[in-house]
Amino acid sequence: MAPRQVIPIDKNWEFRQANKEDSKFLPVGQFPTNVHLDLLHHGLIPDPFIGKNELDVQWIGEAQWAYRTCFSAKSIPEGSKAVLAFDGLDTFATVVLNGTTILETDNMFTPERVDVTSTVKEENELVITFDSAYLKGWNLVEQHPDHKWGCWNGDSSRLAVRKAQYHWGWDWGPALLTCGPWRPINLEIYESRISDLHFDITVEKSLKTADVVAHASVEGKSGQIRFDISLDGKSVATETVDATEDTQVSFHISSPQLWYPIRYGKQPLYHVVATLLDGDTEIDTVTKRIGLRRAELVQRPLKDQPGTSFFFEVNNIPLYCGGSDWIPADNFIPRITPERYRDWVKLVADGNQFMIRVWGGGIYEEQAFYDACDEYGILVWQDFMFGCGNYPAWPEMLKSIKREAEENVKLLRHHPSIVIWAGNNEDYQYQESEGLTYDFENKDAESWLKTDFPARYIYEKVLADVCKALIPSTYYHFGSPWGAGRDTHDPTVGDIHQWNVWHGTQEKYQNFDKLVGRFVSEFGMEAFPNVKTIDAFLPLGKDDPDRYPQSSTVDFHNKADGHERRIALYLVENMRYGPDPLEQFVYSTQLMQAECLASAYRLWKRQWKGPGREYCGGALVWQINDCWPVTSWSIADYYLRPKMAYFTVKREMAPVSIGITRREHRHPKDKYTRVNIEVKTRIEIWGSNLTLEDLTVDCVVKAWDVETGKETYSGKVSEKLALPENRSTEIVAIDVPVEKAGEEGRTVVAAYLVRDGKQIARYVNWPEPLKYLHLQKPKELTAVLAEDETAVEISAEVPVKGVVVESEDDNIKFDDNLVDIVPGEVVRIGVTGATKESNLETRFLGMLN
Ligand code: BMA
1 MAPRQVIPID KNWEFRQANK EDSKFLPVGQ FPTNVHLDLL HHGLIPDPFI GKNELDVQWI
61 GEAQWAYRTC FSAKSIPEGS KAVLAFDGLD TFATVVLNGT TILETDNMFT PERVDVTSTV
121 KEENELVITF DSAYLKGWNL VEQHPDHKWG CWNGDSSRLA VRKAQYHWGW DWGPALLTCG
181 PWRPINLEIY ESRISDLHFD ITVEKSLKTA DVVAHASVEG KSGQIRFDIS LDGKSVATET
241 VDATEDTQVS FHISSPQLWY PIRYGKQPLY HVVATLLDGD TEIDTVTKRI GLRRAELVQR
301 PLKDQPGTSF FFEVNNIPLY CGGSDWIPAD NFIPRITPER YRDWVKLVAD GNQFMIRVWG
361 GGIYEEQAFY DACDEYGILV WQDFMFGCGN YPAWPEMLKS IKREAEENVK LLRHHPSIVI
421 WAGNNEDYQY QESEGLTYDF ENKDAESWLK TDFPARYIYE KVLADVCKAL IPSTYYHFGS
481 PWGAGRDTHD PTVGDIHQWN VWHGTQEKYQ NFDKLVGRFV SEFGMEAFPN VKTIDAFLPL
541 GKDDPDRYPQ SSTVDFHNKA DGHERRIALY LVENMRYGPD PLEQFVYSTQ LMQAECLASA
601 YRLWKRQWKG PGREYCGGAL VWQINDCWPV TSWSIADYYL RPKMAYFTVK REMAPVSIGI
661 TRREHRHPKD KYTRVNIEVK TRIEIWGSNL TLEDLTVDCV VKAWDVETGK ETYSGKVSEK
721 LALPENRSTE IVAIDVPVEK AGEEGRTVVA AYLVRDGKQI ARYVNWPEPL KYLHLQKPKE
781 LTAVLAEDET AVEISAEVPV KGVVVESEDD NIKFDDNLVD IVPGEVVRIG VTGATKESNL
841 ETRFLGMLN
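Under the UniProt record's numbering, think of the first position of the sequence shown as 1, with each following residue one higher.
Structure (structure tokens):
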């Protein structure tokens, strides 16, 4: 047998509008590609991310597009076959090779392989015509009038099409209906190949041994398969066996090098190479990197609280899973480079986060994304690609979904980072809100198809069966959120999406403690992106007449319902602010978002109370990233520029942190009095130790008058206190320390954890709402680069809320930012890329009042 040949079909591609007579073929800008990228490349459309250009490019999604290339193929050896492998066609494609239609597709997520042995010639012409997914979608909707169509975001035509749902527009993204060969195309010539390589990995509870069963499937003539396992270039095991349809080899590894989530250990990745042999000839090889770990989702009764826990345990370590939700990093996926994926995942890792949830309205991500997660130790929660709607389930649709699920699970199942799959995003919430039929007790799957919520069959039957068959040891969750068939808002079971801050009842974020759930897989608050990002989307940049917060172009770059009112609501409740200048307004929104999100992390992590008391097992902020320059819930914008919330979340997820809440307690002396009331303002202080080491610490509390800057209290409130590993521990509850009663509302309190004389955690608590404070403008605010140029040192003579250090230069990167300054303390924030010549500026709350 001859070795398998893989010939990339990535050259000479051209494209044209297929439904336009005089449209000429033009070379593509890149490959793989999509039509928007190619039109942009030729300057035929304006950049849809600038100004309101999105509106001018809508016609593209209603047109048909053709892609064409020529390639040569030497004659196919006797006994071999030629296969064209399409990793991804977006979406309704008709593929014609040398005048013969060889493939028709309707699912952008499903890779296709077509045997072209009888069609391929020495010189070939390949033409792929893409129909309008948008119009096809409506056509399908019309063909199925009995289905109860409806959704949040985009329109119902998306539900009929297996294409990334955010392409229809979302509440953070433009509507840009792409088409094209969005993933690679290869010509493969072979008699025989390894068609799949996967693993069953069992790490014993004691963690002392691991069993790896490697499975390789062979298509075509079988020979032998050699399996080589290595770690860091050193061989660990090797074995050669006769190939069968499901070739299996078991490896028993003692003292395995285990894969850990970031912070808890290393991320060793074993390389497994499967080589198909014909005698001594290597016919085909497939390599995968695997990690050996135990990963469980623990759902068990809790002490003193109803319901069940919902937390992840990796290698027997229970994790408080702070992290983020992820949307596609661009509207045009083919231009996201592997480096950009890596930069995003690194940003998450550097932000003290442990998990990314790949949200169901996007795509099954590129390998580069999961590779980076494997390498950095970031856990992945993977949704199947359904979101916010009532999906139809006609027979061909179910077939298409089954294949989509099988293929994508196979593509991703070796990644140690993926610890959970979920059926959809919020489709059960949509079902609840529309009152669609759902009787959890009814287990007759076929009958679900006859209800007005047929998609239950997709989540609880099709996808469940695929996961059971292909990834039996990975937890499959019917949806996010989902709670064992109970109302999806039930905070005592499963995960919840907590949107009663921002959406819903628009609660104050100070009350996040009351909004806790066993695992909060979404919650969020909007903020404007970096000013540089705004300047980049305004057609005239800094000189644009629309360069102000309420302008129609700036509004256009916010797709959320009621965004003006909601941002204003949370600003007006909390701080003095104005729309001008833009820089300070952007700062205000980012401060507000930062306070809001940190408050959720702080208060929910407080509910991580150790074995049997894991009342909250994690929080994922909606959302880490953006797909274009926009005002959204993201904590870093399209250009990976962190918003200030990125840093406050990072501080909350530090290995050791300290938290404070402040509450007013009113005790009326008798039933009806409005006069004889004892009012006490109490602070509660707790420590969160997410390390795996019991710590002994002192807790120091200090207080200052916000107006005079005078220190009014300093004392050790707790000495040699035990902070047991991996949980939060209550420290003290005391009255706000004041010199005179009634000064609580002007008293800033800071609490510190001190270990062996060294400060290991710090938090500054302010009277709220911040807008009632008479904040002073510091006379001596300094933010100077330290001698060694690795940190900025900030200090002031009065308490200053939310000091941000900024620079025009994007190469200057800060490790931390938006810090509260109190007199007598120098706060250091790490920096790279700054020199003595760098111009560092500061901004803070009240700067312009
Ligand atoms: C969540 C998500 C998205 C949406 C976000 C903000 O529910 O699942 O659908 O973008 O809310 O509204």
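Ideal Cβ placement from N, Cα and C applies to all residues, glycine included.
Q | For Arg-294, the first and last residue of its enclosing beta strand (DSSP E) | A | Premise fails: Arg-294 is in no beta strand (DSSP E) and is neither H nor E.
Q | Proximal residues to Glu-797 (C-beta, below 7 Å), its chain only, five neighbours per side dropped | A | Gly-709, Pro-778, Lys-779, Glu-780, Pro-823
(Q) Cutting at 8 Å between CB atoms, please list the residues of its own chain near Pro-145, excluding the five before and the five after it. (A) Apart from sequence neighbours up to five positions away, no residue of its chain approaches Pro-145 with a beta-carbon distance below 8 Å.
Q: Spatial neighbours of Val-409 within its chain, please: CB distance less than 8 Å, with the 5 preceding and 5 following residues excluded, ordered by chain position.
A: Trp-421, Val-466, Cys-467, Leu-470, Ile-471
(Q) Per the DSSP calculation, residue 853 is bridged to which residue(s)? (A) Only positions 1 to 849 of the chain appear in the structure, and residue 853 is not among them; the question remains open.
Q: May I ask you to verify whether the segment 180 to 191 touches the segment 3 to 13, counting CB pairs closer than 8 Å and requiring at least 3?
A: yes
Q: Measure the beta-carbon distance from Phe-844 to Val-800 and round it to whole angstroms, keeping in mind my assumption that it falls under 8 Å.
A: The beta-carbon separation of Phe-844 and Val-800, rounded to 5 Å, stays under the 8 Å limit for a contact.
Q) Is the closest heavy atom of the ligand BMA to the C-beta of Cys-388 under 6 Å? A) Yes, since a heavy atom of the ligand BMA falls inside the 6 Å radius drawn around the Cβ of Cys-388.
Q. Taking three-plus beta-carbon pairs below 8 Å as touching, is the segment 270 to 283 in contact with the segment 299 to 306?
A. no
(Q) Can you determine whether any heavy atom of the ligand BMA sits closer than 6 Å to the C-beta of Asp-200, and answer yes or no? (A) no
Q: Confirm, please, whether the CB-CB distance from Arg-357 to Asp-330 is below 7 Å.
A: no
Q) What residues match up with Tyr-615 in a beta bridge as DSSP calls it? A) Answer is none; Tyr-615 lacks a bridge partner.
Q. Does any heavy atom of the ligand BMA sit closer than 6 Å to the C-beta of Asp-171?
A. Checking every heavy atom of the ligand BMA against the Cβ of Asp-171, one is found closer than 6 Å.
Q: Indicate the three-state DSSP secondary structure (helix, strand or coil) for Ser-521 in the structure shown.
A: If DSSP states are grouped into helix, strand and coil, Ser-521 belongs with the strands.
Q: Please determine if the segment 544 to 556 and the segment 496 to 515 are in contact, where contact requires at least 3 C-beta pairs separated by less than 8 Å.
A: no
(Q) I'd like the list of long-range same chain contacts for Ala-93, defined as Cβ closer than 6 Å, with 5 residues on each side in sequence excluded. (A) Thr-105, Ile-128, Phe-130
Q. At what residue ranges does the segment 516 to 572 contain a whole run of the beta strand (DSSP E), taking only runs of 3 or more?
A. 520 to 522
Q: Report the option in Ser-714, Leu-591, Asp-580 whose CA atom is closest to the CA atom of Asn-574.
A: Leu-591
Q. Does the beta-carbon of Glu-78 have 16 or more other beta-carbons within 10 angstroms, so that it is buried, or is it exposed?
A. Counting Cβ neighbours within 10 Å, Glu-78 comes out exposed, since fewer than 16 surround it.
Q: Please confirm whether Asn-390 and Arg-576 have their CB atoms less than 7 Å apart.
A: no
**Q.** Cβ contact check for the segment 593 to 610 and the segment 281 to 297: 3 or more pairs under 8 Å
**A.** no
**Q.** C-beta contact flag for Phe-49 and Val-28 at 7 Å
**A.** no
Q) Beta carbon of Glu-426: closer than 6 Å to some heavy atom of the ligand BMA? A) yes
Q) Taking one C-beta from the segment 312 to 324 and one from the segment 729 to 745 each time, how about it: are there three or more such pairs within less than 8 Å? A) no
Q: Could you give the DSSP three-state label for Gly-137: helix, strand or coil?
A: helix
Q: To the nearest angstrom, report how far apart Ile-262 and Lys-605 are at their CA atoms.
A: 18 Å
Q. Can you tell me whether DSSP reads Cys-627 as helix, strand or coil?
A. coil
Q: Evaluate contact between the segment 549 to 560 and the segment 488 to 500, counting only Cβ atoms and requiring at least three cross-stretch pairs below 8 Å.
A: no
Q.
So, for Arg-666: in the same chain, excluding its five sequence neighbours on each side, which residues have a beta-carbon less than 6 Å away from its beta-carbon?
A. Ile-677, Val-679
Q.
Less than 7 Å between the beta carbons of Val-826 and Phe-814, yes or no?
A. Their beta carbons are not under 7 Å apart, which means Val-826 does not touch Phe-814 by this criterion.
Q: Go ahead and label Val-348 buried or exposed: buried means 16 or more other beta carbons lie within 10 angstroms of its beta carbon, across all protein chains shown.
A: buried
Q) Taking the DSSP output, what are the residues bridged to Phe-199? A) Ala-214
Q | Delimiting residues of the alpha helix (DSSP H) encompassing Glu-112 | A | No alpha helix (DSSP H) holds Glu-112; the beta strand (DSSP E) holding it covers 112 to 115.
Q.
I need the DSSP call for Trp-704, collapsed to helix, strand or coil.
A. strand
Q. So, helix, strand or coil for Gln-593, using DSSP?
A. helix
Q | Unbroken alpha helix (DSSP H) run spanning residue 907, endpoints | A | The chain is shown from 1 up to 849; residue 907 falls before or after that span and cannot be answered.
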